[in-house]
Amino acid sequence: MKRTAVFLDRDGTINIDPGYLGDPDRFQFLPGVIEALKRLRAAGHLIFVVSNQSGIARGFFDREALDRIHDRMSAALEAEGVTLDGVYYCPHHPDEGCACRKPSPAMVLEAARRYKVDLEASFFIGDRASDIQTGRNAGCRTVLVLTGAGGETARSLTGARRPDYVAGNLGEAVAWIINVAGKGTQ
Ligand SMILES: [Mg+2]
Ligand SMILES: [Zn+2]
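If you use the working numbering, the sequence shown corresponds to residues 292 to 477, in order.
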């Protein structure tokens, strides 16, 4: 049986985005995020983080530092009973023209293949236009959060580029998803 997933941007969606975060000590969850992820887990969705981390290509931090950040993030969630199913990131510079950087759906498609995810019944949540485009490129429904760069993004996304839903924060996004998914495929 295919499963539903929620793909999450990291910076500005899960944690405060100071710009090119490379120091694990500065990783800080946004308010309500842990509770929101608990609800997603309880609702039976797979949870993946899908992040552009060009700070690596720019030489601001290395993969080891990024791994430490993700280990800390995962451990804090595990302590609350939330297991992430995967953390995917693109380490490349935008100018490299790699295949994985959002808005490419490559990271989402890789997770979907590995975990047999029904993308049409799944969701992408993020705070930037590239997140909304990634979700759309992967065939998911999309939610823009107004945390991080979300306020600016909301003003820039017009017409067909708009997300399926705009939420104040991850908690509101999850509440909408649980509502929609509950009415849909289950
Ligand atoms: Mg972001
Ligand atoms: Zn890449």
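Yeah, the Cβ is synthetic: ideal placement off N, Cα and C, and Gly gets one too.
Endpoints, beta strand (DSSP E) assigned at residue i
i: Val-340; result: 337-343
i: Thr-433; result: 432-436
i: Val-297; result: 296-299
Residue i, DSSP secondary structure in three states
i: Tyr-406; result: helix
i: Thr-476; result: Low confidence applies to Thr-476: its pLDDT is 47, below 50, so where it sits in the model is not reliable, and the reading given next is rough at best. Three-state result, Thr-476: coil.
i: Asp-302; result: strand
i: Tyr-311; result: coil
i: Ser-421; result: helix
i: Lys-266; result: Examination of residue 266 is not possible in this model, given that the chain is present from 292 through 477 alone.
i: Gly-388; result: coil
i: Met-292; result: coil
i: Ala-466; result: helix
Endpoints, the alpha helix (DSSP H) within which residue i is located
i: Val-373; result: Segment: none, Val-373 is in no alpha helix (DSSP H) and carries neither H nor E.
i: Gly-417; result: Where Gly-417 is concerned, there is no enclosing alpha helix (DSSP H), although the beta strand (DSSP E) it sits in stretches over 414-417.
i: Ser-447; result: 441-447
Supposed close pair residue i, residue j - CB separation, criterion 8 Å
i: Gly-323; j: Leu-461; result: 6 Å
i: Glu-401; j: Tyr-379; result: 7 Å
i: Val-457; j: Ala-445; result: 6 Å
i: Ala-429; j: Val-399; result: 4 Å
Beta-ladder partner(s) of residue i, from DSSP
i: Val-471; result: For Val-471, which the question treats as bridged, DSSP gives no partner whatsoever.
i: Ala-458; result: Val-436
i: Phe-352; result: According to DSSP, which records beta bridges pairwise, Phe-352 is partnered with nothing at all.
i: Arg-381; result: Sequence check: residue 381 is Cys here, not Arg. Cys-381 pairs with Asn-343.
i: Phe-318; result: Beta-bridge pairing links Phe-318 to no other residue.
### Task
Inspect the CB distances between the segment 389-397 and the segment 309-326 and report whether three or more fall short of 8 Å.
no
### Message
Quick check: the segment 412-432 against the segment 293-302, are at least 3 beta-carbon pairs closer than 8 Å?
### Response
yes
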